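J.: Counting from 35, one number per residue, gives the positions in the sequence shown under our numbering. Quick one: structure below, then a few questions.
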Amino acid sequence: MKKLQFETRRFLMRLYRPGDYAAWKRAHEVMFAKQNEFDLEKKTVAELKPAAFRKFLGQTERHRKSQVIFHFAVFEKKTGRLMGVVLLALVLRFNVQSARLSYSIFNNYWKHGYGKEVVEAAIAFAFKKLKLHRLEAEILPNNRASIGLAKSLGFVYEGIRRGAVYFNGRWHDHVIYSLLAEDRGIKNTKPSVFQG
Ligand SMILES: CC(C)(COP(=O)(O)OP(=O)(O)OC[C@H]1O[C@@H](n2cnc3c(N)ncnc32)[C@H](O)[C@@H]1OP(=O)(O)O)[C@@H](O)C(=O)NCCC(=O)NCCS
């Protein structure tokens, strides 16, 4: 089984654990109020109770076991602070070898280059360790920060997926950006099995 974690000089990305409650609670407490429509909602005191974290943890576990979404929590190594999350979702094997990549950094840490550092490491993990061939980022068309980040990492615009996501009471289109192993000079020709 491949180890489901990866790191950079400053950050460790790994699956959530029961002992992460304090870091999770603190991250939500110190984040700013919601900054834009793509940002996380700030949680209330009641939503930060241990039971809420256990429920969240259970959900991430179910996602992992069903191999639908792998939630990689982003921890700053020096401080142990929880900084955000990177998700690898819909990992398809056989002759497809693709996954959907998404990311979120707590808003009090935006614009420090953290997102780029963390997502760059996720890309290397996906292509080099998991031997995937294709990563997709599905982004709301007006999410400038996310599009900027994807483009800065070499993701290429492919088109629009119509009516792809429901939120705020209606269906929204997504813009699709993709990155191939070859775009990073990696030749992943031999499929391998992803074990969570
Ligand atoms: C998208 C997000 C992860 C970026 O994180 P970040 O740590 O602030 O990003 P970085 O500081 O590493 O910036 C990397 C690049 O992203 C782009 N970028 C970041 N914020 C941007 C903004 N507000 N507008 C335009 N481009 C932006 C820039 O190209 C930037 O490179 P540059 O600073 O050299 O110009 C963060 O804004 C976030 O979590 N947003 C809310 C959740 C979200 O939208 N997730 C994506 C869902 S698809």
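All C-beta atoms, glycine included, are put in the ideal place defined by N, C-alpha and C. These figures come from a predicted structure and were not determined experimentally.
From the DSSP output, in three-state form, read off residue 230 for me.
T.: Its pLDDT being 48, under 50, residue 230 is placed unreliably in this model, and the coordinates cannot settle the point.
J.: To the nearest angstrom, report how far apart residue 85 and residue 37 are at their CA atoms.
T.: Distance between the alpha carbons of residue 85 and residue 37: 28 Å.
J.: Give me whichever residues DSSP pairs with residue 119 in a beta bridge.
T.: According to DSSP, which records beta bridges pairwise, residue 119 is partnered with 107, 138.
J.: In the DSSP assignment, what are the bridge partners of residue 208?
T.: DSSP lists 195 as partners of residue 208.
J.: Would residue 44 pass as a contact of residue 151 if the rule is Cβ separation under 8 Å?
T.: Closer than 8 Å, so yes.
J.: Judging by CA-CA distance, which residue of 203, 73, 141, 116 is the nearest neighbour of residue 176?
T.: Among 203, 73, 141, 116, the Cα nearest to that of residue 176 is on 73.
J.: Can you tell me whether DSSP reads residue 66 as helix, strand or coil?
T.: Reduced to three states, the DSSP call for residue 66 is coil.
J.: When every heavy atom of ligand 1 is checked, does at least one fall within less than 7 Å of the C-beta of residue 145?
T.: Within the cutoff, so yes.
J.: Drop a sphere of 10 angstroms on the beta-carbon of residue 168, count the other beta-carbons inside from all chains shown, and report buried for 16 or more, exposed for fewer.
T.: Classification for residue 168: buried.
J.: Is the closest heavy atom of ligand 1 to the C-beta of residue 107 under 7 Å?
T.: No, Cβ of residue 107 sits at least 7 Å from all heavy atoms of ligand 1.
J.: For residue 214, verify whether its CB is less than 7 Å away from any heavy atom of ligand 1.
T.: No; taking the cut-off as 7 Å, the Cβ of residue 214 has no heavy atom of ligand 1 nearer than that.
J.: CB-CB under 8 Å to residue 139, same chain, minus the five flanking residues each way: which ones, in chain order?
T.: Around residue 139: 108, 117, 118, 148, 149, 152.
J.: Can you tell me the Cα-Cα spacing of residue 121 and residue 155, whole angstroms?
T.: Answer to the nearest angstrom: the Cα atoms are 12 Å apart.
J.: Which term fits residue 35, buried or exposed, when burial requires 16 or more other beta carbons within 10 angstroms of its beta carbon?
T.: Bear in mind that a pLDDT of 44 at residue 35, under 50, signals an unreliable position, so the number given afterwards is only what the model happens to contain. So residue 35 counts as exposed.
J.: Starting from residue 181, trace the alpha helix (DSSP H) both ways and give me its first and last residue.
T.: 178 to 186 is the span of the alpha helix (DSSP H), which, as asked, contains residue 181.
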